[in-house]
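In structure tokens form, the structure reads like this:
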């Protein structure tokens, strides 16, 4: 049994350079062309989802639903009534400017937002020291495994916390 565990551990030797690089990263500012427009604390966050045709983000929490215009960084709608998205289809009914839409959600019950843009920006969520998770942004033409494959591996650590509920880009990029 001990031999099996030793062999299992040895399988990941090739990943040591990547692990070392990730552990050396410090949380940094977003690089151009990106810019941070706002930060919101959402108590009881359940899920988020982008409208397919805009930069509007639907947020579902234990306290209701909200819509955030991610270009302006402003809340554009709020509904304080208790609401539970359809947990099996990972969808929620929009409110305000999204009231005629059903939005695909990502969060507590699964789902996912796009993790790559048309021009090649990528997001990776990595857990090396559980429960801490890192959110890593990779510019175009950068390879997450570059330290292993000898390709460019420019990485920006955007965030680190014990619970990253959802992450991704809007559908419009």
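Numbering (our numbering), first residue to last: 1154 to 1326. Ideal Cβ positions, reconstructed from N, Cα and C, are used throughout, including at glycine.
Residues bridged to residue i by DSSP?
i: residue 1278; result: 1288
i: residue 1202; result: 1211
i: residue 1323; result: None, per the DSSP bridge assignment.
i: residue 1259; result: 1201, 1264
i: residue 1244; result: 1239, 1257
i: residue 1219; result: 1212, 1231
i: residue 1193; result: Its beta-bridge partners do not exist; DSSP assigns none.
Does the distance from the CB of residue i to the CB of residue j come in under 7 Å?
i: residue 1281; j: residue 1204; result: no
i: residue 1260; j: residue 1218; result: no
i: residue 1264; j: residue 1243; result: yes
i: residue 1300; j: residue 1175; result: no
i: residue 1312; j: residue 1270; result: no
i: residue 1229; j: residue 1214; result: no
i: residue 1240; j: residue 1262; result: yes
Just confirm the distance between the C-beta atoms of residue i and residue j, as a whole number of angstroms; I'd bet it's less than 8 Å.
i: residue 1201; j: residue 1183; result: Wrong, their Cβ atoms sit about 18 Å apart, outside the cutoff.
i: residue 1286; j: residue 1314; result: 6 Å
For residue i, count neighbouring Cβ atoms within 10 angstroms of its own Cβ and tell me buried if that reaches 16, exposed if not.
i: residue 1238; result: buried
i: residue 1291; result: buried
i: residue 1190; result: exposed
i: residue 1298; result: exposed
i: residue 1320; result: buried
i: residue 1245; result: buried
i: residue 1166; result: exposed
i: residue 1266; result: buried
i: residue 1220; result: buried
i: residue 1224; result: exposed
i: residue 1168; result: exposed
Okay, do the region 1301 to 1319 and the region 1242 to 1251 touch, 3+ Cβ pairs below 8 Å being the bar?
By the C-beta criterion, the region 1301 to 1319 is judged not to be in contact with the region 1242 to 1251, since fewer than 3 inter-stretch pairs fall below 8 Å.
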